[in-house]
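Structure record follows, encoded as structure tokens.
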Amino acid sequence: FSNFAARPPYQVTVVEQYLKSGVALPPATYYNAAGRAFPDVSALGSAVLIYQGGLETVGGTSAACPIWAGVIALLNQYVIAKTGKSLGFLNPFLYQMYANDPSTFHDITIGDNLCTEGGCSSSCKGYKATKGWDPVSGLGSPVYDKIKAYVNTHFNIEE
Numbered sequence: 441f442s443n444f445a446a447r448p449p450y451q452v453t454v455v456e457q458y459l460k461s462g463v464a465l466p467p468a469t470y471y472n473a474a475g476r477a478f479p480d481v482s483a484l485g486s487a488v489l490i491y492q493g494g495l496e497t498v499g500g501t502s503a504a505c506p507i508w509a510g511v512i513a514l515l516n517q518y519v520i521a522k523t524g525k526s527l528g529f530l531n532p533f534l535y536q537m538y539a540n541d542p543s544t545f546h547d548i549t550i551g552d553n554l555c556t557e558g559g560c561s562s563s564c565k566g567y568k569a570t571k572g573w574d575p576v577s578g579l580g581s582p583v584y585d586k587i588k589a590y591v592n593t594h595f596n597i598e599e
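Counting in our numbering, the sequence shown runs from 441 upward without gaps.
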């Protein structure tokens, strides 16, 4: 939760649902409950195989961000080819899509971000995943075929 950016209107419903869900939260002094919440989305970012002078695995944001970039690039190219318009500013669109069809995201409901690269101890504070948006996985990971079907409906595209 940002200490600098206010929560945008497109996040209000899902973030308030999370905060009121009853899931265990860190102490209120650890986060700004009124701030911009993150992440918006997630992707399986563990043991992703890359080639960098040889094959190796990477993980974390360095793996998840390119996955979403690829999904959005494919969708944007598709929408431009069909309508001549781009997807536009994605964040409100993602939250609207989630509100209209949550199945466009794989909802991650198990896990947390209590531990860091430095380790884990009983004093570590963080968030737990739960149904819906959460500060561990955002709206969830992409379900490409469902997202594309939603895009077709939203942009009145007939295949």
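The beta-carbon is built from N, C-alpha and C at its ideal position, and this holds for glycine as well. The structure presented is a predicted model; accordingly, all values stated were derived computationally and were not measured.
Ranking Tyr518, Gln536, Ala589, Glu599 by CA distance to the CA of Leu579 puts Gln536 first. The alpha-carbon of Ser502 is positioned some 8 Å away from that of Gly485. Segment contact: the segment 457-469 against the segment 491-499, fewer than three CB-CB distances shorter than 8 Å; contact not assigned.
Phe478 and Phe441 have their C-alpha atoms roughly 6 Å apart. Secondary structure note for Ile490: its beta strand (DSSP E) is the uninterrupted segment 488-491.
In chain order, Gly572, Trp573 place their CB closer than 8 Å to the CB of Gln457, counting only its own chain and leaving out the 5 sequence neighbours on each side.
Counting other Cβ atoms within 10 Å of its Cβ, Val591 reaches 16 or more and is therefore classed as buried.
Here Leu489 is exposed, its C-beta having fewer than 16 other C-beta atoms within 10 Å. Assignment of beta strand (DSSP E) within the segment 455-505, counting only whole runs of 3 or more residues, yields 488-491, 495-498 in chain order.
In the three-state scheme derived from DSSP, where H, G and I count as helix and E and B as strand, Ala589 is classed as helix. At the C-beta level, Trp508 and Pro448 stay beyond 8 Å of one another.
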